[in-house]
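Colleague:
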RNA sequence: GCUCCCAUCAUCUAGCGGCCUAGGAUGUCGCCCUUUCACGGCGAACACAGGGGUUCGAAUCCCCUUGGGAGUACCA
């Protein structure tokens, strides 16, 4: 019973311009499943709707997917032996296949005008009847069909859905599903413009490309029986199916543009890194069976399983996404990767003279204060600009600066500093230590004045590393300024 | 309307008959740590939709009700 066929999955989006988050998750699960089984992950472009074509959409899609770290193994620009991978370039193939169905009596020509169909639907709707084609052309005589064709009448080709049949299949996430063929419409296979419909092209291509597992969104469950009927009409083996739960808006409707961003590009352009998005999306509808929440792509490949995919839809929770993103920036990203993400935002003139190792060190000490890369900018520029007298005289700082021992403290630090060739974080640390020992100043009245003098703020990251970045001269000047403000404040209050 | 699917904290979820006085995470609120801000640690509040069965025993199995969702196109 166990299939020995190689695992081949596919991601088959229609190129509508941007990449929907739901698409990314579908693609991700397909990718993970394929990789886990040493299989092949295929990208196929479903562009049979000529009216919805968007220029550049395919290129954008491919670049986004590779940016996310899951490029396709087979597909556009990466030909396997099953191309072409654009449905619009496979028209001849579909034509041959319908012919087959027409000849075997599984499909028929339908000459009904769209207006008739619309009217039919309206009537059915009014009477609360199930909607569907009334099979008007299903049993047209061959002569009539020939005559109509000869007259050049517009036509579509429909599937002749068998009556009174139960269609049963096992969905890998939902279990056994059952449908009554009498409720299934005689599906259009070829549109009057000669293009195949999704249903037809999809089945033909999946078979043609040897797809072993069809993993797609839940919106496709109800059309799966149609697809199965098609496989049967051709006498083909059906692939396995797995339908993924929908990703939902906060109001529990299908995730849509109306209620906020749904394009991955937008998230990528904003503050979210690829790692966060992949990790977060993976966990929307799937769980590892443990409490673990952080996974990189590689880890997902080994952990993923369709059995652990949940059946119910999942609300896209931006709060948790934000949290996960900040966790990635604070600690889960490798240091080099973090630096790479953050550096474009640290492109500040004043930093040009800093040695890159010191800059890296400073960026790294700022790391746990960051939720997203651009936060670094504000954080840095704040410390980079020398505190102004106004700042130092502000309530927050002056409370610290008016401490009496500051006089001795600043004098001490300045003189020690002057004796140094250059300032290192350890150098300043030991100066502080001796200030504590020699002057007997400690705790808040030791560290806070130093912090205020150097940064003009009462809170922030580790001052020592930062001081190294500033350099000896700048530190001296900041200390002298703070010292002066201290003296001024003290005098004024006397 | 019809068909199909789904149903545990506000949200993501664990749970596949006894380990459940239901676990984790986000968010919220406390406390601790930190001479700052964070990070971090600890804790609190918060859920098995309702009703029937089955069983010695049900969040877990069955049925009904209710609620939600998807599909119902010459769109995918």
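In this note's numbering, the protein residues as written are 3 to 496. Heads up, the beta-carbon is just placed ideally off N, CA and C, and yes, glycines get one too. Bear in mind the structure is a predicted one, so any value in this text is a computation, not a measurement.
#1: Quick check on residue 255: buried or exposed, where buried means 16 or more other Cβ atoms within 10 Å of its Cβ?
#2: Are there 16 or more other CB atoms within 10 angstroms of the CB of residue 350, so buried, or fewer, so exposed?
#3: Excluding five sequence neighbours on each side, which residues of the same chain lie with their C-beta closer than 7 Å to the C-beta of residue 326?
#4: Looking at C-alpha atoms only, which residue of 453, 10 and 449 is the closest neighbour of residue 214?
#5: Do you know how far the Cα of residue 133 is from the Cα of residue 373?
#6: Helix, strand or coil for residue 3? Go by DSSP, reduced to three states.
#7: Quick one: residues in its chain with C-beta nearer than 6 Å to the C-beta of residue 3, no 5 flanking neighbours on either side, listed in chain order?
#8: Take residue 28 as the anchor and find which of 15, 161 and 59 has the nearest alpha-carbon.
#9: Using DSSP bridges, identify the partner residues of residue 133.
#10: At the level of alpha carbons, what is the spacing between residue 26 and residue 71?
#11: Taking only runs that begin and end inside the region 141 to 214, name each unbroken alpha helix (DSSP H) of 4 or more residues, in chain order.
#12: I believe residue 469 touches residue 430 by the beta-carbon criterion, under 8 Å. Please report the beta-carbon distance rounded to the nearest angstrom.
#13: In terms of alpha-carbon separation, which member of 368, 395, 229 and 287 lies closest to residue 490?
#14: Sort 42, 59, 286 and 423 by Cα distance to residue 7 and report the nearest one.
#15: With distances taken Cα to Cα, identify the nearest neighbour of residue 140 among 162, 156 and 121.
#16: Out of curiosity, what's the CA-to-CA distance linking residue 245 and residue 176?
#17: In angstroms with no decimal places, state the Cα-to-Cα distance between residue 483 and residue 391.
#18: With a floor of 4 residues, list each alpha helix (DSSP H) that falls wholly inside the region 31 to 99, ordered by position along the chain.
#19: From residue 481 to residue 270, what distance separates their C-alpha atoms?
#20: Roughly how many angstroms lie between the CA atoms of residue 339 and residue 169, to the nearest whole one?
#21: How would you label residue 37, buried or exposed, when you count the other beta carbons within 10 angstroms and need 16 or more for buried?
#22: Tell me the DSSP bridge mates of residue 123?
#23: When the Cβ atoms of the region 235 to 242 are set against those of the region 102 to 109, are three or more pairs found closer than 8 Å?
#24: Restricting to runs no shorter than 4 residues, where is the alpha helix (DSSP H) found entirely within the region 421 to 463?
#25: In the DSSP assignment, what are the bridge partners of residue 219?
#26: Which of the three DSSP states is assigned to residue 479 in this structure?
#27: Kindly indicate which three-state DSSP category residue 265 falls into: helix, strand or coil?
#28: If we count the other Cβ atoms within 10 Å of its Cβ and call it buried at 16 or more, is residue 435 buried or exposed?
#29: Which same chain residues end up closer than 6 Å to residue 164 when comparing Cβ atoms and leaving out the 5 residues on each side of it in sequence?
#30: Which residue comes first and which comes last in the alpha helix (DSSP H) that contains residue 347?
#31: Short of 6 Å in beta carbon distance, which residues of its chain neighbour residue 198, apart from the five on each side in sequence? Order them along the chain.
#32: Less than 6 Å between C-beta atoms, sequence neighbours within five positions excluded: which residues of the same chain meet that for residue 209?
Modeller: Looking at the coordinates:
#1: exposed
#2: exposed
#3: A distance below 7 Å between beta-carbons, with the five flanking residues on each side excluded, links residue 326 to the following residues of its chain, in chain order: 278, 281 and 282.
#4: 10
#5: 52 Å
#6: Interpretation of residue 3 is limited by its pLDDT of 43, a score under 50 that renders its predicted location unreliable; the figure taken from the coordinates is listed afterwards. In the structure shown, residue 3 sits in coil (DSSP, three-state: anything other than H, G, I, E or B).
#7: Confidence at residue 3 is low in this model, with a pLDDT of 43, below 50, so its placement is unreliable and the value that follows should be read with caution. Nothing meets the Cβ criterion.
#8: 15
#9: According to DSSP, which records beta bridges pairwise, residue 133 is partnered with nothing at all.
#10: Going by the C-alpha atoms only, they are around 11 Å apart.
#11: 144 to 152 and 200 to 210
#12: About 5 Å; that satisfies the 8 Å criterion.
#13: 395
#14: 42
#15: 162
#16: 7 Å
#17: 8 Å
#18: 59 to 69
#19: 42 Å
#20: The C-alpha of residue 169 is placed about 51 Å away from the C-alpha of residue 339.
#21: buried
#22: Note: residue 123 sits in no beta bridge, so no partner.
#23: Result yes; three or more Cβ-Cβ pairs closer than 8 Å.
#24: 427 to 441 and 446 to 457
#25: 246
#26: In the structure shown, residue 479 sits in a helix (DSSP, three-state: H, G or I).
#27: strand
#28: exposed
#29: 183
#30: Taken as a continuous stretch (DSSP letters only), residue 347 belongs to no alpha helix (DSSP H), as it is neither H nor E.
#31: 50, 96 and 192
#32: 238
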